[in-house]
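Participant:
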Amino acid sequence: MRNKYYLCRRKSKTIILQYIMTELVKLFAPISLEQMSGVKLMNRTDTKFVTTTERLRLLLQMAQHDYYVQEIDGERNLEYDTTYFDTTQFDMYNHHQWNHANRQKIRFRTYCINGLQFMEVKTKNNHGRTKKKRIEVNDMNVSEQQKREFLDKHLRYSVDSLQPTLNNHFSRITLVNKSKTERLTIDSNLRFHNIVSGKDKDMGNLVIIELKRDGLVYSPILEMLRKLRIHPHGFSKYCMGSALTNPELQVNRFKTKLIEINKISRQKIY
Numbered sequence: 008m009r010n011k012y013y014l015c016r017r018k019s020k021t022i023i024l025q026y027i028m029t030e031l032v033k034l035f036a037p038i039s040l041e042q043m044s045g046v047k048l049m050n051r052t053d054t055k056f057v058t059t060t061e062r063l064r065l066l067l068q069m070a071q072h073d074y075y076v077q078e079i080d081g082e083r084n085l086e087y088d089t090t091y092f093d094t095t096q097f098d099m100y101n102h103h104q105w106n107h108a109n110r111q112k113i114r115f116r117t118y119c120i121n122g123l124q125f126m127e128v129k130t131k132n133n134h135g136r137t138k139k140k141r142i143e144v145n146d147m148n149v150s151e152q153q154k155r156e157f158l159d160k161h162l163r164y165s166v167d168s169l170q171p172t173l174n175n176h177f178s179r180i181t182l183v184n185k186s187k188t189e190r191l192t193i194d195s196n197l198r199f200h201n202i203v204s205g206k207d208k209d210m211g212n213l214v215i216i217e218l219k220r221d222g223l224v225y226s227p228i229l230e231m232l233r234k235l236r237i238h239p240h241g242f243s244k245y246c247m248g249s250a251l252t253n254p255e256l257q258v259n260r261f262k263t264k265l266i267e268i269n270k271i272s273r274q275k276i277y
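Take 8 as the starting number for the sequence shown in our numbering and just add one per residue.
1) Determine the DSSP secondary structure at Asp73, reduced to helix, strand or coil.
2) By how many angstroms is the C-alpha of Asp159 removed from the C-alpha of Ser165?
3) Buried or exposed: where does Arg220 fall if 16 or more other Cβ atoms within 10 Å of its Cβ makes it buried?
4) Between Leu265, Met247, Arg236, which lies nearest to Tyr100 when the distance is taken from Cα to Cα?
5) Use the C-beta contact count for Ala70: other C-beta atoms within 10 angstroms, 16 or more gives buried, fewer gives exposed.
6) Here's the rule: buried if 16 or more other CB atoms are within 10 angstroms of the residue's CB, otherwise exposed. What is Gln111?
7) With a 10 Å radius around its C-beta and 16 neighbouring C-beta atoms as the bar for buried, classify Asn133 as buried or exposed.
8) What do you get for Ser226, buried or exposed, if any count of 16 or more other CB atoms within 10 angstroms of its CB means buried?
9) Per DSSP, Lys140 forms a beta bridge with which residues?
10) Out of Asn174, Arg116, Lys262, which has the shortest C-alpha to C-alpha gap to Gln104?
11) Starting from Gln104, trace the alpha helix (DSSP H) both ways and give me its first and last residue.
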């Protein structure tokens, strides 16, 4: 009974914080998708941070005068749904775990607000740069001719070896600094469903922030993050979600990250 009460209380707290964030982003000046297309980060560097919804509330209060918020059809905290594929031997998961310099991921991402879906292949090279190739699709049938041709061109693995492995769902706020030299994606309300094991995981109050900026130009958000003691922290949704929901996978090199995530969220995740 106590555990049930605790879970209900935590869920209620999460809903309240999501509402507060939705209200806070209403204070930002909006930027449209068309206006954001001009934010071309040609020499892009990416940095991830992990924090909590409580700290995010403070960050949004601090950032509202220096950033625009992306708005689509009047919405500013948008829902995303993603399904990852991997080989039957989980090669992509394992290559990330063992920190292979050249590694890939394949995912189908759905933008819930308009139903648009894309198949994406992300490739990280040995210089730490990530390139993304994508096409718009209507379903997740990887054997369909157009998708097979796309994958044969951009993916190193055989299409016939692929299987759907993990689904995640989250809410995303996207900020753009007023100099238009960086984008900030803020993901909260993160939930995983493992298609192979059938297990689910709700990440509670955890928030994933990714800063994408043009080289080493000045970033207003970095000083705000330092003041709030929000530090850089790697977090792959696919790998962390898989490690937490598939007991058959090895988690050797992810254990330290999982323990750190527990400390950040102050709740039992791993």
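Yeah, the Cβ is synthetic: ideal placement off N, Cα and C, and Gly gets one too.
Since we're looking at a predicted model, the values are computed, not measured.
Facilitator: Reading it off the structure:
1) coil
2) 7 Å
3) buried
4) Met247
5) buried
6) buried
7) exposed
8) buried
9) Val128
10) Lys262
11) 98-104
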